[in-house]
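Presented below is the structure to which this report refers.
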Amino acid sequence: MKKISLARSVAASAAAFALGASLLPLTVAQAAPTVDGSSSDKAAASCYEIKKNDPSSKSGSYWLYTPAMEAPEQFYCDQETDGGGWVLIGRGREGWSEEYAGKGKAADLASNPDGTDAFKPVQLPSETVNGLLDGKSPSDLQDGVRFKRAANSDGSAWQEVRAHRDRTTRWSWALQGYASWSNISFDNPSGYDADANYASSIGRVGNWNNRMNAMSFTSTADFNWNLGFSYGAYMTGTNSASSYLWTPTGRSAMPFTQVYVRPTLTQDDAGFQDIPDAGWGAEKQTQLPNNYSSTMKWRTSNESGTGATSEMNTRVQAISQVGNTVFTGGDFKNVVSRSGEVVEQAYLAGFDVDTQELVRGFTPTFNGQIKAVEGLSNGKLAVGGEFNEVNGEPAAGFVVLDPATGQIDHTFDWKVENRLTSGTSVVKTIQEKNGYLYIGGSFTHVKGATSTNFAYARNASRFDMKSGSVDWNWRPNFNGSVNGISAADDGSAVYAAGYFTTNGTDSQYKLAALDPTTGKKQKDWNWKLSYTNPLTEGKQGFQFDVQTAGDTVFAGGAEHLLAQYRTSDMSRLSSSITKSGGDFQDISKNGDVIYGACHCGDWVYEGGETHDGPWNENKNIDMIRLIGAFDAKTGQVLPKFNPNIAGEKGHGIWESFTDSKGNLWVGGDITKTMSASGVQNTVGFARYAPADVTPAAAPSNLAVTTVDGIDKLTWKSNTSAGTTYQVLRNNRVIATVPKGQTTFEIKNTGDSRYFVRSVDDSGNYSETTPVAVATAAATPTAEPTTPAPTTPVPTTEPTVEPTTPAPTTPAPTTPAPVVEDKVAVAYGDNWNYQVSPWFISNTWKNYDTTVRSWGNAATPMGWNVPSLKTQLNNTPWRQPSSIYLRKEITINNPADYQNLVLNYRSDDGTVLYVNGQEVKRDNMATGTITPFSLARSSKTNNQGINSPLEVSIPASSLKQGKNVIAVSVHGYRQSNAGVSFDMQATLKK
């Protein structure tokens, strides 16, 4: 079994035990095929495998599991259409999403695939879909993607659409962007438009007519900007909330739609591999920021400090850190606190890295905008921009400040000049690396600390950090401004990006690989532009930034291109194009992640190289909203990081920076970000805390005992707050155990090798325990229940007659214990019950209450669980999802016993009473419980079977004679989710 990839969000990883109980359950006594999908330990590799093994299998909820998934989960399988084997990955009417994380609760998709109560879209996380494909490409699906759409308002007619999704190596819900589709078919119901087939489409699945044979994943004003799979303009429905064909404005229709795929994976080709006896190590996730922005404590003003509002005068364009202060620079008039306090601090401000509060002692004054800042190893702050005066002193585009006060530091009197006609010195990029301070921008001369004269240095130069002098050996000569500089960590080269076309006499077009000693061209960098204007000759475009990453370098700029190059020969390794986005303006690196920032707000085409047609080249398509994350080694998009950021003018993000605490800061034309509590007005810059990627402590002391054919696992928790746990057997996860439980029971299947690991709320997986082995149950060797015969029974080996007669009754050496426990209520007994009563007196649970008009039936009882003895009829759209039960028992001489132990299995939530007193509350909120109360989370029937709960009642609290056990069982949602209950009550001596 290959190691399980950390591929899903916390909600998805928790779904293994939080799904609705509409599974096909399996009790210990039942037998089932090894992979029939009836329970988590019998999960199949696909719906296709279930249908293949059992051609009579019906559509419903089944457990599926592949090596690429974290754990078994429940999914809805369509086992009727076109031979069956389809797995449902999304459904809904209007309000779909392009988020990589999907939408809604996966449990709802498994338990509620259709109906008017399924109109609110639910979409599996993309990582879950990729897990179902077991790492295979969606483009490899022979049957493509299947869309089942309602064809009329009452949902009695349906259209089937199939389309092959080209050039995608993993699943993404970014279906609104232009993409390549092929083998498209529209299969319409009788009496509707004629069927249609199309070989290919460049667009949004299909747009061939104005009625049924068109499908666009779109959001327009016609649908109040709700996203969905719309028909053509002349296919209409109604505006009813219950209409399967929704037309809110009278034009076009958005139907209820189901999305399916059909991976044909089986156990034989899934590639599960055994776990070594030592177990697995902890799994590591790539360190990315959270997608929600941190709470905004300060922001910049909406007003520009210079009064200019072009994209070259964005609010924040530079961010860096010195000590405990993060500095943000740009073109802003002042800074504003969350409470509304305005501080007249223009162009450059400092904020405490821990508290995010304004550092009020840092008060420099500038007369122009900031373009670059760099925290220096000597504890100072280098600042570049379009200013020519700082704190009343001349400073043409470059200055070094004391980071505590903002006063000019004159230790090294570094200066730049521009002696061209414009006369304006601008420093746009600063980097300290390998003992040098590099600067780039628009200037002609520089002066170091050891010289009184300026010397020629065109648009790029470097200073020695020890002596403060200009390094005159390193002297590039660019004919255009330099926007970005990045020196290799090993000192092997320096890379530059900008508007230049030559470096001295050498042609170096917009990107340059420079000799680390001389600054001259080190090697040719003949990179491919993404756009060439056919009406003009020569090359166009510009490049804004470069960033080294090991033996590669990333470059970004026009037109919409971010690309990765091999430093050995400057050949391109990867590329991405944004559409309908914009140019990449900043590139930064943190660990193994590259951040590319742009004025883009739609899609990024991984593998795209040309501005006008990236959908003909892409490997994947994902959402991007002003910044994206890319793998620093491969250049691939890391779609898990996808924050929602918006600006006022469309200028995008111009700077990204990761501080010493791991927070990602972004600055630019920002006015709103999405936080955990909703949209917040984050102006100028925003901050994203690092996601939790540290696994919780692993469990220990795993032990397995086998009694009566049942393996009972116990382990020690080593986390104070508790985690959920995954139980692994041989080569796969078989169950997820909720918080607070450190035991698990399952039927013995022979020689089994067990492991357990922790799963925290952030989806981090600890190392497993070492193996604990359960052996096959041996033939019982306990003392017989009837007296042994006078003459010993012969065995297969000869026996020796005793020299003296054997005693008539054998005398055991140790007296056998006398079992005096008494089962007062057995599993499967009859109970009085009431289903979802609208109103019920609080006395229903009391000792002296007599119930009338209640039903009486055997447990286990509930609904939507096929194996229950008593199937109750619940109509959730009219009633709450609850069951009330009472059981009277007779106890003679309670003093003969120590405790009454209640063992019960239920989903989803329960409240237990004995003689009117509450004794146990499980998965329910505090406070008063009513028939309308819902469980706090969903729990499967299988989870209840494998992890029964227990409560012990002192016998001293029981009554002589009649005693009353009362239970209320509550579902997780008021719909068709499953509810079940069974109990055994034992008097313990």
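Sequential numbering from 4 applies to the sequence shown in the working numbering.
We put the beta carbon where it would ideally sit given N, CA and C, even for glycine.
Hey, how far is the Cα of F232 from the Cα of M215?
CA-to-CA, the gap between F232 and M215 works out to about 11 Å.
So which of G333, L291, A321 has the shortest CA-CA distance to G310?
Ranking G333, L291, A321 by Cα distance to G310 puts G333 first.
May I ask which residues mark the beginning and end of the beta strand (DSSP E) holding C80?
Note, C80: beta strand (DSSP E), 76-81.
Please report the distance separating the alpha-carbon of C80 from that of V556.
Between C80 and V556, the C-alpha separation is close to 46 Å.
Going by CA-CA distance only, name the one from K592, G665, C50 that's closest to G631.
Its Cα nearest to that of G631, the residue K592 stands out among K592, G665, C50.
Proximity winner among I627, G611, L629, relative to N621 (alpha-carbon distances):
Minimum Cα distance to N621 is reached at G611.
Does the segment 670-689 come into contact with the segment 751-759, if we say contact requires no fewer than three beta-carbon pairs (one atom in each stretch) closer than 8 Å?
Flag = no, the segment 670-689 and the segment 751-759 do not touch.
Using CA coordinates, which residue listed in T551, D412, Q261, Q162 is at the minimum distance from A121?
Ranking the options by Cα distance to A121, first place goes to Q261.
How many angstroms separate the CA atom of G194 from the CA atom of S255?
Going by the C-alpha atoms only, they are around 19 Å apart.
So, is H973 buried or exposed, given that buried needs 16 or more other C-beta atoms within 10 angstroms?
Buried, since its Cβ has 16 or more Cβ neighbours within 10 Å.
Using beta-carbon positions only, say whether V640 and I590 come within less than 8 Å of one another.
Going by C-beta atoms, V640 is not nearer than 8 Å to I590.
R149 bridges to which residues according to DSSP?
DSSP lists R165, Y263 as the beta-bridge partner residues of R149.
6 Å CB neighbourhood of R976 in its chain, flanking five on each side removed:
Apart from the 5 residues on each side of it in sequence, R976 has no Cβ closer than 6 Å to any other Cβ in its chain.
Using C-beta distances below 8 Å, list every residue in its chain close to V339, excluding the 5 sequence neighbours before and after it, in chain order.
Taken in chain order, the residues that qualify are W301, R302, T303, S304, V345, V346, V686.
By the three-class DSSP mapping on this structure, what secondary structure does Y568 have?
Y568 falls in the strand class under three-state DSSP.
Between the Cα of T852 and those of I968, T269, G40, T408, spot the shortest distance and give me the residue it belongs to.
Minimum Cα distance to T852 is reached at I968.
In angstroms, rounded to a whole number, what distance separates the CA positions of S380 and D605?
Distance between the alpha carbons of S380 and D605 is about 39 Å.
Quick one, which of L705, S342, N293 has its alpha-carbon nearest G282's?
When only C-alpha atoms are compared, the closest one is L705.
What ranges does the beta strand (DSSP E) occupy inside the segment 428-491, keeping only unbroken runs of at least 3 residues that lie completely in it?
Counting only runs of at least 3 residues, the segment 428-491 fully encloses the following beta strand (DSSP E) elements, listed from N- to C-terminal order: 429-436, 439-445, 448-450, 463-467, 485-490.
Just grab the DSSP bridge partners of D714 for me.
Paired residues: T709, I749.
When you compare each of L112, Y181, L667, S185 to D143 by their alpha carbons, which one comes out closest?
Of the candidates L112, Y181, L667, S185, the one whose C-alpha sits nearest the C-alpha of D143 is S185.
From the DSSP output, in three-state form, read off C601 for me.
Note: C601 maps to strand in three-state DSSP.
Identify whether W324 lies in helix, strand or coil by the three-state DSSP scheme.
The residue you asked about is not Trp; residue 324 is Gln in the sequence shown. If DSSP states are grouped into helix, strand and coil, Q324 belongs with the strands.
For A160, the three-state DSSP class (helix, strand or coil)
Here A160 sits in coil by DSSP.
Beta carbon of A694, beta carbon of T676: below 8 Å?
Going by C-beta atoms, A694 is not nearer than 8 Å to T676.
In whole angstroms, give me the CA-to-CA distance for F401 and Q348.
Straight-line Cα distance between these residues: approximately 19 Å.
Exposure of G353, with buried meaning 16 or more beta-carbon neighbours within 10 Å
So G353 ends up on the buried side.
Let me know the secondary structure DSSP gives A988 once reduced to three states.
Judged by DSSP in its simplified three-state form, A988 adopts strand.
Return the chain-ordered list of same chain residues with a C-beta closer than 7 Å to the C-beta of F150, the five sequence neighbours on each side being excluded.
Answer for F150: V164, M218, F232, T260, V262, listed in chain order.
How should A898 be labelled, buried or exposed, when 16 other C-beta atoms within 10 angstroms of its C-beta is the threshold for buried?
Looking at its Cβ environment, which holds fewer than 16 other Cβ atoms inside 10 Å, A898 is exposed.
So, at 6 Å on beta carbons, what are the nonlocal neighbours of N200 in its own chain, with the 5 sequence-adjacent residues on each side left out?
The answer, listed in chain order, is S188.
Which whole-angstrom value describes the C-beta separation of F226 and E97, a residue pair presumed to lie in contact below a C-beta threshold of 8 Å?
Right, their Cβ atoms sit about 6 Å apart.
In whole angstroms, what is the alpha-carbon distance linking R889 and K848?
Distance between the alpha carbons of R889 and K848 is about 7 Å.
Closer than 8 Å by C-beta to G858: which residues in its own chain qualify, once you throw out the five before and the five after it? Chain order, please.
The residues are N835, Y836, Q837, V838.
Anyone know if the C-beta pair for D277 and N734 falls short of 8 Å?
In this structure, N734 lies closer than 8 Å to D277 by Cβ.
Any C-beta of chain D under 8 Å from that of P406
Looking for chain D here will not work: only one protein chain is present.
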